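Engineer: Here the sequence shown is numbered in our numbering, starting from 12 and rising by one per residue.
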Amino acid sequence: MRICIAGGAGYIGSHVVRRLLDGGHDIVVLDNLATGHRESIPSQAEFVHGDVGDPLVARKALAGCDALVYLAAWKAAGESMTDPFKYSRNNLVNTLAFLDAAHDQGVKHVVFSSSAAVFGAPKSLPIDEDHPKDPENYYGFTKLEIERVLAWYDKLGAMDSACLRYFNAAGYDPEGRCIGLERNPANLIPVVMEVACGMRKEVQIFGSDYDTPDGTGVRDYIHVTDLAEAHALALDHLHAGKGSFVVNLGTGEGQSVLEVVKQTELVVGRPVAHRIVGRRAGDPSSLWASGAKARELLGWVPKHSDLRKILETTWKAYQANGLG
Ligand code: WQD
């Protein structure tokens, strides 16, 4: 297939690009490099530099494509609460315009990056696809809205789609081919790595009084290579005419903040300074996915997502950037 990957220079996007090139597809990467890296785009992929909201750029990137993988969105949940219009512009307006352009160009299949943030505070664990959707931040709302639009486009025969709800994406390509680091990260694992490298003084652990075994927050960390595999399987599923779907992508297991810090110390071979501070607003105590539907529908089984491997591959990416 010829596939346009919007946001293909970013952290998750660059891993998806590699996986789909490995699968023999023709890839066009569209990215404005606001958060992605030019060096993350392999030479075998075509590159269109520009904004998803620019109609000429969109037409150029989508021409002749059978499918679209859409990862071009802002993703900082906290920021979405203080600058919602930024999220409306990109995650809603530009996304809808781009889907419109994709339809004009005859694109039939869309794989959309969604998020565990569509669920809000968990009412039961593990979180399956039918769990109530009640986003607690505006970012999660934007993802849910696009999921709903895609459900309508499917119903109206415009295009079919796969909405992939990522839990906590982490890790780097085990073969060391993708090493683009996120700038000013706020997520736990890159923060811990920056402390291990001496780029930050300490990890602030947001709360140790949660109802979890060690009192710190528990999340479902899923290796980005496993996420990339799910995109390939989703495209195969759509291309085979098996119809639209929505799935959660997680391991079904949770790890605490303290476990992440302790395991990192073992991986990097030095202490990682950390200090307990107050809870971060909006953080649920525990969050993990049911992977049952992705397994049944796509045959997707995470292979790289044990915490040790996530941390080892991440540390290698930091070292490959001359850090650590
Ligand atoms: C993980 C755990 C924190 C930083 C976010 C988005 C979500 C999804 C995944 C994209 C929590 C704790 C963190 C730190 C800490 N993204 N923590 N100190 O909040 O689970 O999810 O990324 O769709 O939508 O909200 O990820 O990595 O920020 O936090 O103690 O400096 O680490 O409290 O328990 P989160 P995270």
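For glycine and all other residues, C-beta sits at the position ideal for the given N, C-alpha and C.
Computed from a prediction, not measured in an experiment: that's the story for all the values here.
Would residue 43 be called buried (16 or more neighbouring beta carbons within 10 Å of its own) or exposed?
Structural biologist: Looking up residue 43 in the sequence shown gives position 32. Buried.
Engineer: Can you list, in chain order, the residues of its chain whose CB lies under 6 Å from that of residue 288, leaving out five sequence neighbours each side?
Structural biologist: For the purposes of this step, residue 288 is identified with residue 277 of the sequence shown, where counting begins at 1. Only 215 meet the Cβ criterion.
Engineer: Buried or exposed for residue 93, please, with buried defined as at least 16 other CB atoms from any protein chain shown within 10 angstroms of its CB.
Structural biologist: Here residue 93 corresponds to residue number 82 of the sequence shown, with the count starting at 1. Label assigned to residue 93: exposed.
Engineer: Taking C-alpha atoms, which residue in 48, 265, 181 lies nearest to residue 235?
Structural biologist: In the sequence shown, counting from the first residue as 1, residue 235 sits at position 224. Nearest option by C-alpha distance: 181.
Engineer: For the candidate residues 47, 28, 81, whose alpha-carbon lies nearest to that of residue 55?
Structural biologist: Your numbering for residue 55 matches position 44 in the sequence shown. Nearest of 47, 28, 81 to residue 55, Cα basis: 28.
Engineer: Could you tell me which whole beta strand (DSSP E) segments of length 3 or greater appear in the segment 94-139?
Structural biologist: Complete beta strand (DSSP E) runs here, min 3: 120-126.
Engineer: What does residue 78 pair with, by DSSP beta-bridge criteria?
Structural biologist: Within the sequence shown, numbered from 1, the residue matching residue 78 stands at position 67. Note: residue 78 sits in a beta bridge opposite 14, 120.
Engineer: Please list, in chain order, all residues of the same chain as residue 223 whose beta carbon is under 7 Å from its beta carbon, the five residues on each side excluded.
Structural biologist: Position 212 of the sequence shown holds residue 223. So the qualifying residues of the chain are 229, 267, 296, 297.
Engineer: Taking contact to mean 3 or more Cβ pairs, one atom from each stretch, closer than 8 Å, check whether the segment 142-154 and the segment 192-199 are in contact.
Structural biologist: Result no; under three Cβ-Cβ pairs closer than 8 Å.
Engineer: Just curious, the beta strand (DSSP E) that residue 312 is in, first and last residue?
Structural biologist: Residue numbering aside, residue 312 sits at position 301 when the sequence shown is read from its first letter. That residue, residue 312, is in no beta strand (DSSP E); it is neither H nor E in DSSP.
Engineer: Is the CB-CB distance between residue 309 and residue 248 below 8 Å?
Structural biologist: Taking the first residue of the sequence shown as position 1, residue 309 is located at position 298. Taking the first residue of the sequence shown as position 1, residue 248 is located at position 237. Against a cut-off of 8 Å, the Cβ pair of residue 248 and residue 309 comes out as a contact.
Engineer: Counting only the same chain and skipping the five closest in sequence on each side, list residues whose C-beta sits under 7 Å from that of residue 179.
Structural biologist: Taking the sequence shown and counting its residues from 1, the one referred to as residue 179 is at position 168. For residue 179, where only same-chain residues beyond five positions count, the Cβ hits under 7 Å are 230, 231, 232, 233.
Engineer: Given this structure, state the Cα-to-Cα distance separating residue 51 from residue 26, to the nearest angstrom.
Structural biologist: Within the sequence shown, residue 51 is the residue found at index 40, counting from 1. Within the sequence shown, residue 26 is the residue found at index 15, counting from 1. Taking the straight line from one Cα to the other gives about 9 Å.
Engineer: Which whole-angstrom value describes the C-beta separation of residue 151 and residue 126, a residue pair presumed to lie in contact below a C-beta threshold of 8 Å?
Structural biologist: On the sequence shown, position 140 is the one that residue 151 refers to. On the sequence shown, position 115 is the one that residue 126 refers to. Residue 151 to residue 126, Cβ: 6 Å. Contact.
Engineer: Looking at the structure shown, is residue 48 part of a helix, part of a strand, or coil, going by DSSP?
Structural biologist: Taking the first residue of the sequence shown as 1, we reach residue 48 at position 37. Correct three-state label for residue 48: coil.
Engineer: Taking only three categories from DSSP, how would you classify residue 162?
Structural biologist: For the purposes of this step, residue 162 is taken as residue 151 along the sequence shown, with counting starting at 1. DSSP places residue 162 in helix when its eight states are reduced to three.
Engineer: Find out if the Cβ-Cβ distance for the pair residue 172, residue 255 is shorter than 8 Å.
Structural biologist: The residue given as residue 172 occupies position 161 in the sequence shown. The residue given as residue 255 occupies position 244 in the sequence shown. Yes, Cβ-Cβ distance for residue 172 and residue 255 is below 8 Å.
Engineer: Apart from the five residues just before and just after residue 282, which ones in its own chain have a Cβ nearer than 8 Å to its Cβ?
Structural biologist: Position 271 of the sequence shown holds residue 282. 276, listed in sequence order.
Engineer: Determine whether the beta carbon atoms of residue 265 and residue 302 lie at a separation below 8 Å.
Structural biologist: For the purposes of this step, residue 265 is taken as residue 254 along the sequence shown, with counting starting at 1. For the purposes of this step, residue 302 is taken as residue 291 along the sequence shown, with counting starting at 1. No, these two residues do not count as a Cβ contact at 8 Å.
Engineer: To the nearest whole angstrom, what separates the beta carbons of residue 110 and residue 17, a pair I think is in contact under 8 Å?
Structural biologist: What you label residue 110 is simply residue 99 of the sequence shown in a count that begins at 1. What you label residue 17 is simply residue 6 of the sequence shown in a count that begins at 1. At roughly 10 Å, the Cβ-Cβ gap does not stay under 8 Å, so residue 110 and residue 17 are not in contact.
Engineer: Once you ignore the five residues that flank residue 259 on each side, which residues in its own chain have a CB closer than 8 Å to its CB?
Structural biologist: The residue you call residue 259 lines up with position 248 of the sequence shown. Contacts found: 127, 138, 139, 140, 176, 178, 300, 301, 302, 304, 305.
Engineer: Indicate the three-state DSSP secondary structure (helix, strand or coil) for residue 83 in the structure shown.
Structural biologist: The sequence position of residue 83 within the sequence shown is 72, counting from 1. Residue 83: coil per DSSP, three-state reduction.
Engineer: With a threshold of 8 Å on Cβ separation, who are the neighbours of residue 112 within its own chain once the five nearest residues in sequence on each side are excluded?
Structural biologist: Along the sequence shown, read from residue 1 onward, the residue named residue 112 stands at position 101. The answer, listed in chain order, is 66, 69, 70, 73.
Engineer: Going by C-alpha to C-alpha distance, which of 36, 107, 76, 165 sits closest to residue 84?
Structural biologist: The residue you call residue 84 lines up with position 73 of the sequence shown. Among 36, 107, 76, 165, the Cα nearest to that of residue 84 is on 107.
Engineer: Return the chain-ordered list of same chain residues with a C-beta closer than 8 Å to the C-beta of residue 103, the five sequence neighbours on each side being excluded.
Structural biologist: Working through the sequence shown from its first residue, we reach residue 103 at position 92. Contacts found: 153, 156, 157.
Engineer: According to DSSP, is residue 225 helix, strand or coil?
Structural biologist: Looking up residue 225 in the sequence shown gives position 214. Residue state, collapsed to three classes: coil.
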